[in-house]
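In what follows, a structure is listed as structure tokens, so that the remarks can point back to it.
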Amino acid sequence: MDNSVDGVLKQVVKTVLLICCFLSVIFWITSYRHLIAGLVFGSVIGCLNFFLMAREIVKTTQLVQETGDSKKSRKIVFGYFMRYAILALSFIIVGKSQYLAVIPFVIGLMLVQITIYLQYSWRDNGTNK
764 MDNSVDGVLK
774 QVVKTVLLIC
784 CFLSVIFWIT
794 SYRHLIAGLV
804 FGSVIGCLNF
814 FLMAREIVKT
824 TQLVQETGDS
834 KKSRKIVFGY
844 FMRYAILALS
854 FIIVGKSQYL
864 AVIPFVIGLM
874 LVQITIYLQY
884 SWRDNGTNK
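Quick note: the sequence shown uses this note's numbering, first residue 764, plus one each step.
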């Protein structure tokens, strides 16, 4: 992958794992131990989804730059549906499992978006007003 994309990917995944560990410790201390598995599972699926999206973006931009043809959308569409199939399968697993809670799973999925929002909003410090 591209170095800039790889750096952002590593930074976001590291921050997601730190937040997930912090929330897991809070859940452990406050005796909500049954929520930890859903949070961890959601965080892993969210990071996997983010990694697959980054890989597809890099491949697509390289393909368009090399060939000059932006009509090769078959790989793009396949990657898009593959990511959503993984999300759908994980929601089915969480819905049918008695050991995984839905709300912490959704929070874990959203940790990637929350991390990106917080990192880039704090980086700007209000300069883009």
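For glycine and all other residues, C-beta sits at the position ideal for the given N, C-alpha and C.
Through-space distance from residue j to residue i, alpha-carbon basis
{"i": "Val776", "j": "Ile808", "result": "11 Å"}
{"i": "Ile866", "j": "Val857", "result": "10 Å"}
{"i": "Leu811", "j": "Lys859", "result": "21 Å"}
{"i": "Glu829", "j": "Thr823", "result": "10 Å"}
{"i": "Arg796", "j": "Tyr883", "result": "32 Å"}
Three-state secondary structure assigned by DSSP to residue i
{"i": "Thr793", "result": "coil"}
{"i": "Leu711", "result": "Any question about residue 711 goes unanswered here, given that the chain covers just 764 to 892."}
Buried or exposed by the 16-neighbour rule on C-beta atoms within 10 Å, applied to residue i
{"i": "Phe844", "result": "exposed"}
{"i": "Val788", "result": "exposed"}
{"i": "Ser794", "result": "exposed"}
{"i": "Gly801", "result": "buried"}
{"i": "Phe813", "result": "buried"}
{"i": "Ser853", "result": "buried"}
{"i": "Ala864", "result": "buried"}
{"i": "Leu781", "result": "exposed"}
Residue i versus the options, residue with shortest Cα-Cα distance
{"i": "Leu826", "options": "Thr778, Val788, Ile839 and Ile879", "result": "Ile839"}
{"i": "Leu872", "options": "Val779, Asp769 and Gln774", "result": "Val779"}
{"i": "Met819", "options": "Arg837, Leu850 and Ala851", "result": "The amino acid at residue 819 is misidentified as Met; the sequence shows Glu. It is Arg837 whose Cα lies nearest to the Cα of Glu819."}
{"i": "Val869", "options": "Cys783, Lys773 and Trp885", "result": "Cys783"}
{"i": "Leu850", "options": "Arg886, Ser806 and Val821", "result": "Ser806"}
{"i": "Gly770", "options": "Ile792, Ile799 and Ala817", "result": "Ala817"}
{"i": "Val821", "options": "Lys773, Gln774 and Val768", "result": "Val768"}
N-terminal and C-terminal residue of the alpha helix (DSSP H) that residue i is part of
{"i": "Leu802", "result": "Ile799 to Thr830"}
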